[in-house]
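*Asks:* What follows is a single structure, and I will ask about it in a moment.
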Amino acid sequence: MTIYQTLIGTILGVAAAVAYNARRKEEEKLAVGSIKPGRKTCLIEPLALPATLALCFALLLIAGGPGALKLIYPNLGLLVIHISLYYALLLLLLVPLRRIISAGACAALWLLPTLLYFFVWISGHEMRPVFVITLPRRLLPALTAVWAAGFITVMLWQLVSHLRIRGRILRGATELENEAVLVKWKNGLRRHGIKTDIPIAESTAVSTPLTVGCFTRTMRLVLPRSGYTDRELDMIFRHELRHILRCDTRTKLFLAFYTAMCWFNPLAWIARRKVAADLELSCDEAILSGADDNTRKEYAKLLLMSAGDGRGCTTCLSAAPGTLRYRLRNVVKPAKRLPGGVFISVALFVLISAYGAVGLADGSKSVQTLIFDRAPPAIVIDRVVAYNGTGRSSGYRTIHGYDGAALTGYISSLRARQVYAGNYEEGNERRLYVDYAEAVDGNTVSLTRIALGGGLIFADIPYDDSREITYIIDGAVDWEYIDSLLDYDAPDPDPAPEPPKMLVYLSGPEHSEAEPLYAQSRVLSVTDAAGRREPEYEYSGVGGGFGAMLTEARLGFSYPPSEFSVTVENWDRSARFTLSSAELDGMVLPLTPYSAHYTVRGSFDTVRDTHYEMEFYFDIGQPADEELWRTY
Numbered sequence: 000m001t002i003y004q005t006l007i008g009t010i011l012g013v014a015a016a017v018a019y020n021a022r023r024k025e026e027e028k029l030a031v032g033s034i035k036p037g038r039k040t041c042l043i044e045p046l047a048l049p050a051t052l053a054l055c056f057a058l059l060l061i062a063g064g065p066g067a068l069k070l071i072y073p074n075l076g077l078l079v080i081h082i083s084l085y086y087a088l089l090l091l092l093l094v095p096l097r098r099i100i101s102a103g104a105c106a107a108l109w110l111l112p113t114l115l116y117f118f119v120w121i122s123g124h125e126m127r128p129v130f131v132i133t134l135p136r137r138l139l140p141a142l143t144a145v146w147a148a149g150f151i152t153v154m155l156w157q158l159v160s161h162l163r164i165r166g167r168i169l170r171g172a173t174e175l176e177n178e179a180v181l182v183k184w185k186n187g188l189r190r191h192g193i194k195t196d197i198p199i200a201e202s203t204a205v206s207t208p209l210t211v212g213c214f215t216r217t218m219r220l221v222l223p224r225s226g227y228t229d230r231e232l233d234m235i236f237r238h239e240l241r242h243i244l245r246c247d248t249r250t251k252l253f254l255a256f257y258t259a260m261c262w263f264n265p266l267a268w269i270a271r272r273k274v275a276a277d278l279e280l281s282c283d284e285a286i287l288s289g290a291d292d293n294t295r296k297e298y299a300k301l302l303l304m305s306a307g308d309g310r311g312c313t314t315c316l317s318a319a320p321g322t323l324r325y326r327l328r329n330v331v332k333p334a335k336r337l338p339g340g341v342f343i344s345v346a347l348f349v350l351i352s353a354y355g356a357v358g359l360a361d362g363s364k365s366v367q368t369l370i371f372d373r374a375p376p377a378i379v380i381d382r383v384v385a386y387n388g389t390g391r392s393s394g395y396r397t398i399h400g401y402d403g404a405a406l407t408g409y410i411s412s413l414r415a416r417q418v419y420a421g422n423y424e425e426g427n428e429r430r431l432y433v434d435y436a437e438a439v440d441g442n443t444v445s446l447t448r449i450a451l452g453g454g455l456i457f458a459d460i461p462y463d464d465s466r467e468i469t470y471i472i473d474g475a476v477d478w479e480y481i482d483s484l485l486d487y488d489a490p491d492p493d494p495a496p497e498p499p500k501m502l503v504y505l506s507g508p509e510h511s512e513a514e515p516l517y518a519q520s521r522v523l524s525v526t527d528a529a530g531r532r533e534p535e536y537e538y539s540g541v542g543g544g545f546g547a548m549l550t551e552a553r554l555g556f557s558y559p560p561s562e563f564s565v566t567v568e569n570w571d572r573s574a575r576f577t578l579s580s581a582e583l584d585g586m587v588l589p590l591t592p593y594s595a596h597y598t599v600r601g602s603f604d605t606v607r608d609t610h611y612e613m614e615f616y617f618d619i620g621q622p623a624d625e626e627l628w629r630t631y
């Protein structure tokens, strides 16, 4: 996992636990009072992820047309795989989780994947894949078409089924006219902070009370044409209002969306049924919190009387008979369970931190086919750079001597798989960078860039809309052979001009030449093909030698000077004298017995017809007048 993911996972995990506990406390107000109008107690908006994906598709269609959608298909596949793995793990742990944590926490765990909408906008920050699924790219169009057809079919089937169920329920329904019941219902709405007046209807098409509709403006509470007592109506209303407060019908719509995305995965269909059960269990748990045995028995009796089927995006008092036995056991003999906020926090941390653990890659091909056949023809090596992330020689190093044909031949012979879903970044491993230039009339018009290392190849191919492409190398790279093709000690045949440097080797009776010091420098002027210019002066201080008796300084230059002179000034700069290079014994400058400032001015002809006028500075603080330079 990346540091970014760990940070986001930690922040969101803690925030989710805090939010979940805050929503539990908010619902606890219903025992003695009411909830603030307009407030919902769902952990997160269930439709955040579907809405984000729909927005992404719309923006891509507007910006680039249908062809641009191929940019999101691979990452959409990773999202499907990631959510599927999460739900598979949740299904595996569901039985022990139901024994340990509250039903409300179990229901919230099903909703956590909708928070992955966050990663849709920050793609590229996910972890490096741990597992890579090889899927030949040539099959992607066909597989995408099959998946899309299945998604559309299943989603339409679910929506049509929901609309048909809604129509069948409401077609023969009549508005409830019992004023006392309506007043009780409206009072319940206000206590639960629901500002919209949700109508109540009666229908012979239902055998259990249910709420149909995903939004408060389209919701209806539908009751069977049965005579309920005030006590039973109170329990029914509290149950359904809790569903509305938690946006449970939209949670079911999210699971319908997930089922359509993973229509080929049987676990998705199982998860859909388990979610419905946990939503009902969580409402049972909430409204019976603190209830006595008689109330629990009355509620259990009501469940038995109202067994039904909550199909579509509906919530009902008593769902499929298959879950009824488990619900009754929890109603009559509730076990003590943990609230579950910590479990939600840990689950969300794992969900976010592990995002990107699975990657998708093409089948294996040669690098010749993958890169060089797609690159411009007749390209030649322009630059080779080696990187070593560890050891004393760590860092980047330009290689000027190499066997270009053999190096290209070896790289092109490697076999690799192109990554089309997965985030790979360069690490601290040993790497080799090779740039290939395309030249037209002697001018470089494009560069094909290849970075090799860490079991990966990164390639930037010109005239290709894919930008940087990542490849996973099959097998190990023979670095020993690559080293045999490189001459690390070869000089640069055409170095770029740079300002000359001056080294000073100091010596004296008690101080022999050791590590040289670089004198501070100033470029007075530069003359090249573009003309003469004077760079802006930037003062960076003056170094030198202090405290030891020094008698001479041997000067060394990165470029041989055509001529130079040395000006020596005493410490308060009240006296000076100048020596020309002809007056020195080679490059050895005798030092004064007193502390002094030394300025070397010289002319240098460097590479590419570039001429520099330079000044170099260093100070010598002799022990005889230490008080001068100590206070300087």
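Numbering (numbering that gives the first Met the number 0), first residue to last: 0 to 631. All C-beta atoms in this analysis are idealised placements derived from N, C-alpha and C, irrespective of residue type, glycine included. Computed from a predicted model, the values in this text were never measured in an experiment.
For Asp571 and His610, I'd like the C-alpha separation in whole angstroms.
*Replies:* Computed Cα separation, rounded: 33 Å.
*Asks:* So Leu455 and Ile472 are in contact, right, with Cβ under 8 Å, and what is the actual spacing, rounded?
*Replies:* Yes, Leu455 and Ile472 are in contact; Cβ-Cβ is about 6 Å, under 8 Å.
*Asks:* Which full runs of the beta strand (DSSP E) of 3+ residues lie inside the segment 548 to 574, going along the chain?
*Replies:* You should have 551 to 556 and 560 to 569.
*Asks:* Measure from the alpha carbon of Ser520 to the alpha carbon of each residue in Leu502, Thr207 and Leu578, then state which is nearest.
*Replies:* For the residues Leu502, Thr207 and Leu578, the minimum Cα distance to Ser520 belongs to Leu502.
*Asks:* Do the segment 416 to 425 and the segment 354 to 365 make contact, defined as three or more Cβ pairs closer than 8 Å?
*Replies:* With a cut-off of 8 Å, the segment 354 to 365 and the segment 416 to 425 count as touching, because enough Cβ pairs lie within range.
*Asks:* Given a threshold of 16 other Cβ atoms within 10 Å of its Cβ, counted over all protein chains shown, does Pro534 qualify as buried or as exposed?
*Replies:* Classification for Pro534: exposed.
*Asks:* Tell me Glu614's beta-bridge partners as DSSP assigns them.
*Replies:* Looking at the DSSP assignment, Glu614 forms a beta bridge with Arg521 and Arg600.
*Asks:* Less than 8 Å between the CB atoms is what I'm expecting for Val331 and Lys300, so what's the real figure, rounded?
*Replies:* No, Val331 and Lys300 are not in contact; Cβ-Cβ is about 10 Å, not under 8 Å.
*Asks:* When DSSP builds the beta bridges, which residues end up paired with Pro589?
*Replies:* Glu551.
*Asks:* Could you name the residues that DSSP lists as bridge partners for Pro223?
*Replies:* DSSP lists Ser202 as partners of Pro223.
*Asks:* Would Tyr85 and Pro112 be called neighbours here (beta carbons separated by less than 7 Å)?
*Replies:* For Tyr85 and Pro112, yes; Cβs fall inside 7 Å.
*Asks:* Give the range of the beta strand (DSSP E) segment to which Glu479 is assigned.
*Replies:* Looking at the DSSP string, Glu479 is not in any beta strand (DSSP E); the run it does join, the alpha helix (DSSP H), is Trp478 to Ser483.
*Asks:* Rounded to the nearest angstrom, what separates Val379 and Tyr435 at their Cα positions?
*Replies:* The alpha-carbon atoms of Val379 and Tyr435 are separated by roughly 5 Å.
*Asks:* Between the C-alpha atoms of Gly546 and Gly400, what's the straight-line distance to the nearest angstrom?
*Replies:* The straight-line gap from Cα to Cα measures roughly 45 Å.
*Asks:* In or out: Asn329 buried (at least 16 other Cβ within 10 Å) or exposed?
*Replies:* With 16 or more other Cβ atoms within 10 Å, it is buried.
*Asks:* Put Thr407 into one of helix, strand or coil per three-state DSSP.
*Replies:* Looking at Thr407 - three-state DSSP - the assignment turns out to be helix.
*Asks:* Does at least one heavy atom of the ligand MG sit under 6 Å from the Cβ of Tyr611?
*Replies:* Looking for the ligand MG in the displayed structure turns up nothing, as the structure carries no ligands at all.
*Asks:* So does the segment 267 to 278 actually touch the segment 199 to 207, counting three or more Cβ pairs closer than 8 Å?
*Replies:* No, the segment 267 to 278 does not touch the segment 199 to 207.
*Asks:* According to DSSP, is Glu467 helix, strand or coil?
*Replies:* Reduced to three states, the DSSP call for Glu467 is strand.
*Asks:* Smallest Cα separation from Ser33: which of Leu188, Arg137 and Arg629?
*Replies:* Measuring from the Cα of Ser33, the nearest candidate turns out to be Leu188.
*Asks:* Check this for me: beta carbons of Tyr470 and Glu125, under 7 Å apart or not?
*Replies:* No, these two residues do not count as a Cβ contact at 7 Å.
*Asks:* Evaluate Ala634 with the Cβ neighbour count: other Cβ atoms within 10 Å of its Cβ, from every protein chain shown; 16 or more gives buried, anything less gives exposed.
*Replies:* Summary: the structure shown does not reach residue 634, with the chain confined to residues 0 through 631, and so no result is reported for it.
*Asks:* Is Arg532 buried or exposed, if buried means 16 or more other CB atoms sit within 10 Å of its CB?
*Replies:* By the 10 Å Cβ count, Arg532 comes out exposed.
*Asks:* Relative to the C-alpha of Ser101, which candidate in Asp277, Gly555, Arg629 and Ile449 has its C-alpha closest?
*Replies:* Out of Asp277, Gly555, Arg629 and Ile449, Asp277 has the C-alpha closest to the C-alpha of Ser101.
*Asks:* If you follow the beta strand (DSSP E) that Ser506 is in, where does it begin and where does it stop?
*Replies:* That run of the beta strand (DSSP E) goes Met501 to Ser506.
*Asks:* Suppose you measure from the CA of Val159 to the CA of Phe253; what does that come to, to the nearest Å?
*Replies:* The alpha-carbon atoms of Val159 and Phe253 are separated by roughly 16 Å.
*Asks:* Near Ala16, what residues of its chain come up, given a Cβ to Cβ distance below 7 Å and the 5 sequence neighbours on each side ignored?
*Replies:* Within the same chain, Ala16 has close Cβ partners Gly340, Val341, Ile343 and Ser344.
*Asks:* Per DSSP, what kind of secondary structure is Ile472 in: helix, strand or coil?
*Replies:* Strand, per DSSP.
*Asks:* Which whole-angstrom value describes the C-beta separation of Pro461 and Thr447, a residue pair presumed to lie in contact below a C-beta threshold of 8 Å?
*Replies:* About 6 Å; that satisfies the 8 Å criterion.
*Asks:* Taking the straight line between their C-alpha atoms, what separation do you get for Arg98 and Gly212?
*Replies:* Cα to Cα, Arg98 sits roughly 31 Å from Gly212.
*Asks:* Just mark Asp372 as buried or exposed, buried being the case when its beta carbon has 16 or more other beta carbons within 10 Å.
*Replies:* It is exposed - the Cβ of Asp372 has fewer than 16 other Cβ atoms within 10 Å.
*Asks:* Are the beta-carbon atoms of Leu220 and Glu239 separated by less than 7 Å?
*Replies:* It is a contact, given that the beta carbons lie within the stated cut-off.
*Asks:* Ala574 to Val606, Cα distance in whole Å?
*Replies:* Distance between the alpha carbons of Ala574 and Val606 is about 38 Å.
*Asks:* Rounded to a whole number of angstroms, what is the C-alpha to C-alpha distance between Asp604 and Pro498?
*Replies:* About 10 Å.
*Asks:* For Val79, name the three-state secondary structure that DSSP assigns.
*Replies:* Val79: helix per DSSP, three-state reduction.
*Asks:* Less than 7 Å separating the beta-carbons of Ser561 and Ser602?
*Replies:* For Ser561 and Ser602, yes; Cβs fall inside 7 Å.
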